[in-house]
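Peer 1:
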Amino acid sequence: MALTLGLPVLLSTVAIAPATAAPGSTVAQVAQKNVDPNSFKDGRYIVVLAEKPAATYDGGTPGLASTKPESGKKLDASKAEVKKYEAHLEKKQAEVAGQQNVQIKRQFTAAVNGFSANLTADQAIKLAKDPGVLVVAPDTENAPDYSSTDFLKLSGPNGTWNTKFGGQDAAGKGVVVGVIDTGYTPSSPFFAGEQVEPLTGDPVVGEPYRTDDGKIAMLKPDGGTFVGECQVGEDFDGSACNSKVLAAHYFADDFTTYVPEDQRSPIEKISPIDVDSHGTHTGSTAVGNANVETFVDGRSFGLTSGIAPAAKLSVYKVCWEDTDPNTGGCYSSSSVAAINQAIYDGVDVLNYSISGSTTTTTDPVSMAFLSAASAGILVAASAGNSGPTASTVNHGAPWVTTVAASSFSQELQGTAEFSDGSKFRGASIMNREVKGAGVVLAANAAITAGNANAALCGPDTLDPAKVAGKVVVCDRGVFDRVAKSAEVARGGGVGMILVNLTSSSLDTDKHSIPTVHVNP
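The numbers in the sequence shown follow the numbering used here, run straight up by one, and end at 522.
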């Protein structure tokens, strides 16, 4: 199966501990200089203080011992010195916020030393000028980044699976990959596993077990222990976690606070359940079980596998569906909270296929990833959906492994053939042909004349009287590609030709009706 490769993939575990700037150093000082009052307005912010978070604090404050993990080790949140230092940070955060009459929404102490809050422009300016504050950053809303094993040279006798791991079935054994995304689909065979039972003897490396409080734990090759929780939520009672999916968290506070209920997608679940499929896509690509037969629209695509099928998954849902097609639903404060939790849980790798800043490496999410790296976690992030022009790469910090997209031959093809003999080949996974149908341009089939969204096959724009029984030509853009075929189907159309207005990717989506996606 040929796909566009746009996901960070796990080949082996790497621990890195980059150098960081101490509070009061040049980095902290530069952050406080030349505060532009016009750069702040009323809104949601993440305030990062200058003192180091627990994952990078290496001592220096009287009475507070170092909490930074030793090289290759994870942060142990149960240690007395870690609890004491985090309590110190929370107290300081409360003092800084209290001076400006700010109500703290959420506090962070492991990934970053900071808090999220609603601020007036004046409060944001005053906090930015506070010598104890490193960064005052808007709580931005980001979007998931979209995009096989033969292409990556994993399979075969000389492939990485055999030469590095002793076979596909052992690739990633003992490793826990945390995926920060839209959640996961518990019923997917890629995430199937056994029920996890309480420990009856000594723990075995790579074998999950139940703790006394019902959580799932696993001893890892480095001597550390992963301990995860299956967080109960809507249509999710926590029983779905197993020997494959060790933990599932969700971070909905920002979504439910900032997005009114009537603007939330009616299919969204306030739980780890994935209604978008993006998190299921990234999680199964990274650690999905081996030898799973994959079907799309009733058509078999053969046996497929994750890159590290023996690795375990820890889910962190931070992205949510709303009714606005131009927003992403992945708030930075939720991502920081997820990274904070992943550090506590003890993951080995973090996958972050979500957009980010192209202009700075000191935004709160990037700073949280620095702490994750300090805690022995390999951070892999996607480079974004834009490009290939200059300055379009997200996540450029040197402590993050940033993976860009690589396109290659599209093997899943379909053809639109017209009565005059002309043919147009494009991407398609349709499982049946459409013959003898008329064709209509969506722009000429609008319910309301002149509606620009009709050419895009936007929701409720097409006149059934004009599209019924026909193949409809829809322009790409603005609306989800699958939403366009759904609109054609609503009007009684029997097929769609999806056209890129400028040369771009050709995508094999699962559409409501047979579809061919073509370039200009």
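Note that CB positions come from ideal geometry on N, CA and C, so glycine has one too.
#1: If you check the beta carbons only, do Val178 and Lys314 fall under 8 Å apart?
#2: For Ala340, which three-state DSSP category applies?
#3: Throw me the rounded Cβ distance for the Gly176 and Gly203 pair, which I believe falls under 8 Å.
#4: On the DSSP letters alone, give me the boundaries of the alpha helix (DSSP H) that Val469 sits inside.
#5: Which whole-angstrom value is the C-beta distance of Leu380 and Thr403, which I expect to be below 8 Å?
#6: For Ala491 and Ala444, I'd like the C-alpha separation in whole angstroms.
#7: Does Phe420 come out as helix, strand or coil in the three-state DSSP assignment?
#8: Within 10 angstroms of its Cβ, does Val441 collect 16 or more other Cβ (buried), or is it exposed?
#9: So Ser273 and Glu231 are in contact, right, with Cβ under 8 Å, and what is the actual spacing, rounded?
#10: Terminal residues of the continuous alpha helix (DSSP H) containing Gly246?
#11: Identify the continuous alpha helix (DSSP H) that holds Leu129 and give its terminal residues.
#12: Who does Asn120 pair with in a DSSP beta bridge?
#13: Pull up the distance between the alpha-carbon of Gln265 and that of Pro461, whole angstroms please.
#14: Give me whichever residues DSSP pairs with Met498 in a beta bridge.
#15: So the beta strand (DSSP E) Ser302 belongs to, where does it begin and stop?
#16: Should Thr111 and Glu97 be called a contact, given that it needs their Cβ atoms to be closer than 8 Å?
#17: Could you check whether the segment 281–294 touches the segment 180–200, counting it as contact only if at least three pairs of C-beta atoms, one from each stretch, sit closer than 8 Å?
#18: Give the secondary structure of Thr404 by DSSP, where H, G and I count as helix, E and B as strand, and everything else as coil.
#19: Does the distance from the C-beta atom of Pro311 to that of Val289 stay below 8 Å?
#20: If you draw a straight line from the C-alpha of Pro71 to the C-alpha of Gly62, how long is it?
#21: Verify whether the separation of the beta carbon atoms of Phe228 and Val320 is less than 8 Å.
#22: What three-state label does DSSP hand Ile345 in the structure shown?
#23: Throw me the rounded Cβ distance for the Met498 and Val480 pair, which I believe falls under 8 Å.
#24: For Phe153, which three-state DSSP category applies?
#25: What number of angstroms, rounded off, separates the C-alpha of Gly389 from the C-alpha of Ala429?
#26: Tell me which residues share the same chain as Thr417 and place their Cβ nearer than 6 Å to its Cβ, disregarding the 5 neighbours each side in the sequence.
#27: Could you name the residues of the same chain whose beta carbon sits closer than 6 Å to that of Arg301, not counting the 5 residues immediately before and after it, in chain order?
#28: What are the boundary residues of the alpha helix (DSSP H) that includes Gly100?
#29: With a CB to CB cut of under 6 Å and the five nearest residues on each side skipped, what residues in its chain are close to Leu201?
#30: Between which two residues does the alpha helix (DSSP H) containing Lys76 stretch?
#31: Taking Leu121 as the reference, give the member of Ile106, Asn342, Gly226 with the closest Cα.
#32: Quick test of your reading: Gly226 and Lys75, contact by CB under 8 Å. State the CB separation rounded to the nearest angstrom.
#33: Might you give, ordered along the chain, the residues of its own chain that have their beta carbon closer than 8 Å to the beta carbon of Val261, omitting 5 neighbours on each side?
#34: Using a Cβ-Cβ cutoff of less than 6 Å, which residues in the same chain neighbour Ala99 once the five nearest sequence positions on both sides are dropped?
#35: Can you tell me whether Ser118 is buried or exposed, with buried defined as 16 or more other CB within 10 angstroms of its CB?
#36: Does the separation of the CB atoms of Ala470 and Gly438 fall below 8 Å?
Peer 2: Looking at the coordinates:
#1: Closer than 8 Å, so yes.
#2: If DSSP states are grouped into helix, strand and coil, Ala340 belongs with the helices.
#3: Wrong, their Cβ atoms sit about 18 Å apart, outside the cutoff.
#4: That run of the alpha helix (DSSP H) goes 466–469.
#5: Taking the Cβ atoms as the reference, Leu380 lies roughly 7 Å from Thr403, within the contact range of under 8 Å.
#6: One alpha carbon belongs to Ala491, the other to Ala444, and they sit about 13 Å apart.
#7: Reduced to three states, the DSSP call for Phe420 is coil.
#8: Per the 10 Å Cβ criterion, exposed.
#9: Going by Cβ atoms, the distance from Ser273 to Glu231 rounds to 13 Å, so no, they are not a contact pair.
#10: Note that residue 246 corresponds to Lys in the displayed sequence, not to Gly. DSSP places Lys246 in no alpha helix (DSSP H); its state is neither H nor E.
#11: Run containing Leu129: 123–131, per the alpha helix (DSSP H) assignment.
#12: DSSP lists Arg46 as partners of Asn120.
#13: Within the model, the alpha-carbon separation for Gln265 versus Pro461 is close to 16 Å.
#14: Residue pairing from DSSP places Met498 in a beta bridge opposite Val474, Thr517.
#15: From DSSP, the beta strand (DSSP E) with Ser302 extends over 301–306.
#16: Taking 8 Å as the Cβ cut-off, Thr111 and Glu97 do not qualify as a contacting pair.
#17: Three or more beta-carbon pairs separated by less than 8 Å link the segment 281–294 to the segment 180–200, which places the two stretches in contact.
#18: Note: Thr404 maps to strand in three-state DSSP.
#19: In this structure, Val289 lies closer than 8 Å to Pro311 by Cβ.
#20: A direct Cα-to-Cα measurement between Pro71 and Gly62 gives close to 15 Å.
#21: Their beta carbons are not under 8 Å apart, which means Phe228 does not touch Val320 by this criterion.
#22: Helix.
#23: The Cβ separation is near 16 Å, so there is no contact.
#24: Coil at Phe153, not helix or strand.
#25: Taking the straight line from one Cα to the other gives about 21 Å.
#26: Closer than 6 Å at the Cβ level, and outside the excluded window around Thr417, lie Lys425, Arg427.
#27: Correct list, in chain order: Asn433.
#28: Segment 82–101, the alpha helix (DSSP H) holding Gly100.
#29: Excluding the 5 residues flanking it on each side, Leu201 has same chain C-beta neighbours closer than 6 Å at Tyr211, in chain order.
#30: Note, Lys76: premise wrong, no alpha helix (DSSP H); not H, not E.
#31: When only C-alpha atoms are compared, the closest one is Ile106.
#32: The C-beta separation of Gly226 from Lys75 comes to about 6 Å, placing the pair in contact by the 8 Å criterion.
#33: These residues qualify, in order along the chain: Trp322, Asp324, Gly331.
#34: Ile106, listed in sequence order.
#35: Within a 10 Å sphere around the beta-carbon of Ser118 sit 16 or more other beta-carbons, which makes this residue buried.
#36: At a Cβ-Cβ threshold of 8 Å, Ala470 and Gly438 do not count as neighbours.
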